[in-house]
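Q: One structure, as structure tokens, below. Some questions next.
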Ligand SMILES: [Zn+2]
Ligand SMILES: [Zn+2]
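Residue numbers (the numbering used here): 1 to 335.
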């Protein structure tokens, strides 16, 4: 779901008021592209990621705020030329103007991010050369950026190295394969999660075949798996999750939802989290059995495992009297 709102905004550079569209909420279901571009619905909301003052041409994420250098930049020749550049979509020009403002403030990573957004606009417009140029500029900024403080720790452990993967993808899609491969090596040495290492392997293969096209994280992980390789939804585990989800810990719930992804050595769980991996040591069925043992031990008065008296399969709910696995129905309490 995507919700917008229109509201009057005062420009921090020229004080004029204009109506601007803002994003109230947006839902995204899938994993992003390898260069970080979100999947739908967020993918199609780029036109509200930058606001432009119709009076002075100031471009910002929020017009109500401006850095000290903004006024001079907005009045500069380079900025005016960029804003009205006839050879590019208006939205791309606005992103590039925002990048110029960030350059003036020394916000290297923000500028790289916004230039990447500009590349996405160029992608959508089919302007391949322009897209490559925007990506190349973003990559140059990132290659020369000072290292982030604590950047590894703030990431989700399973996404450690994700920023690096995005940089590799920018370089690959800019046609700078050799530099991309150097970056792959560097990230492997700095350390990345299994998930991100798989994406780096995928990137290396794409670079080797000269592929500069768009690919997604899911493609890199080989997801979704073909049905025959998908771990079966364990009926006991599903029964416990459906009926006793309040009693299930975060780690158990994470393990229950865990997917596998493809690697050169075969499929593996999509996490490095040792607690989750321990719960999944005997697969989803093992997790179901362990969860059953724990819940029955800790909540003997609450938890009822309602099994079909004929075949032993768990029913849908604790009160169901109909089997899901065989045609059997029963009246009397199964216990
Ligand atoms: Zn203005
Ligand atoms: Zn049955």
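C-beta: ideal position from N, C-alpha, C; glycine also.
For residue 248, does the three-state DSSP call read helix, strand or coil?
A: The answer is coil: DSSP assigns residue 248 none of H, G, I, E or B.
Q: Around the C-beta of residue 27, are 16 or more other C-beta atoms found within 10 angstroms, so that it is buried, or is it exposed?
A: Burial call: exposed.
Q: Between residue 321 and the rest of its own chain, which residues show a CB-CB distance below 7 Å, the 5 nearest in sequence each way excluded?
A: Same-chain partners within the cutoff: 329, 330 and 331.
Q: How many angstroms separate the CA atom of residue 334 from the CA atom of residue 163?
A: Model confidence at residue 334 stands at a pLDDT of 47, short of 50, so the residue's coordinates are unreliable; what they give is reported in the following sentence. Residue 334 and residue 163: Cα-Cα distance of roughly 54 Å.
Q: Count the other C-beta atoms from every protein chain shown that fall within 10 angstroms of the C-beta of residue 93, then say buried if there are 16 or more, exposed otherwise.
A: It is buried - the Cβ of residue 93 has at least 16 other Cβ atoms within 10 Å.
Q: Whole-angstrom Cβ separation of residue 292 and residue 241, contact assumed at under 8 Å?
A: Incorrect: roughly 11 Å between the Cβ atoms, too far for contact.
Q: So, is residue 169 buried or exposed, given that buried needs 16 or more other C-beta atoms within 10 angstroms?
A: Buried, since its Cβ has 16 or more Cβ neighbours within 10 Å.
Q: Any heavy atom of ligand 1 within a distance shorter than 6 Å of the CB on residue 17?
A: No - ligand 1 has no heavy atom lying nearer than 6 Å to the Cβ of residue 17.
Q: Go through its chain and collect everything with a Cβ distance to residue 326's Cβ below 8 Å, but skip five positions before and after it.
A: If we look at residue 326 and ignore the five residues flanking it on each side, its Cβ neighbours are 308, 310, 311 and 313.
Q: Thinking C-alpha only, which one of 144, 57, 197 and 175 is nearest residue 77?
A: Comparing Cα-Cα distances from residue 77 to each of 144, 57, 197 and 175, the minimum goes to 57.
Q: Tell me which residues share the same chain as residue 104 and place their Cβ nearer than 6 Å to its Cβ, disregarding the 5 neighbours each side in the sequence.
A: Once the five neighbours on either side are set aside, the close Cβ partners of residue 104 are 69 and 73.
Q: Hey, could you find the ends of the beta strand (DSSP E) residue 19 is sitting in?
A: Start and end: 17 to 26.
Q: State the Cα-Cα distance for the pair residue 19 and residue 110, rounded to the nearest angstrom.
A: Their backbone Cα atoms lie some 25 Å apart in a straight line.
Q: According to the Cβ coordinates, are residue 32 and residue 303 closer than 7 Å?
A: Cβ atoms of residue 32 and residue 303: not closer than 7 Å.
Q: Report yes if the C-beta of residue 328 is less than 6 Å from at least one heavy atom of ligand 2; otherwise report no.
A: Residue 328 Cβ: within cutoff of ligand 2.
Q: Threshold first: 4 residues or longer. Then list the alpha helix (DSSP H) segments lying entirely within the segment 198 to 237, N to C.
A: DSSP runs (the alpha helix (DSSP H)) wholly in the segment 198 to 237: 217 to 221.
Q: Quick check: what's the CA-CA separation for residue 214 versus residue 299?
A: Cα-Cα distance, rounded: 50 Å.
Q: Since residue 121 contacts residue 86 with CB under 8 Å, what's their CB separation in whole angstroms?
A: Their Cβ separation, rounded to whole angstroms, is 15 Å, which puts residue 121 and residue 86 out of contact at 8 Å.
Q: Between 245, 42 and 65, which has its C-alpha nearest residue 53's C-alpha?
A: Of the listed residues, the one whose Cα sits closest to residue 53 is 65.
Q: Residues near ligand 1, CB to any non-hydrogen atom under 5 Å, in chain order?
A: In chain order, the qualifying residues are 11, 13, 14, 53, 55, 56 and 58.
Q: For the structure I just gave you, are there three or more beta carbon pairs, one from the segment 279 to 291 and one from the segment 253 to 269, closer than 8 Å?
A: Touching, yes.
Q: Looking at the strands, I want to know which residues DSSP matches up with residue 3.
A: For residue 3, which the question treats as bridged, DSSP gives the partners 25.
Q: DSSP on residue 33, reduced to helix/strand/coil?
A: If DSSP states are grouped into helix, strand and coil, residue 33 belongs with the strands.
Q: Could you tell me which whole beta strand (DSSP E) segments of length 3 or greater appear in the segment 146 to 196?
A: Qualifying beta strand (DSSP E) stretches: none in this window.
Q: Please determine, among 44, 60 and 47, the residue with the shortest C-alpha to C-alpha distance to residue 10.
A: Cα-wise, what sits closest to residue 10 is 60.
Q: Which residue's Cα is closest to the Cα of residue 210: 177, 271, 198 and 194?
A: For the residues 177, 271, 198 and 194, the minimum Cα distance to residue 210 belongs to 177.
Q: What residues in its chain sit with their C-beta under 8 Å from that of residue 25, if we drop five residues either side in the sequence?
A: Hits under 8 Å: 1, 2 and 3.
Q: For the alpha helix (DSSP H) containing residue 268, name the first residue and the last one.
A: From DSSP, residue 268 is part of no alpha helix (DSSP H) but of the beta strand (DSSP E) over 266 to 269.
Q: Could you tell me the boundaries of the beta strand (DSSP E) in which residue 93 lies?
A: Unbroken run through residue 93 is the alpha helix (DSSP H), 90 to 104; no beta strand (DSSP E).
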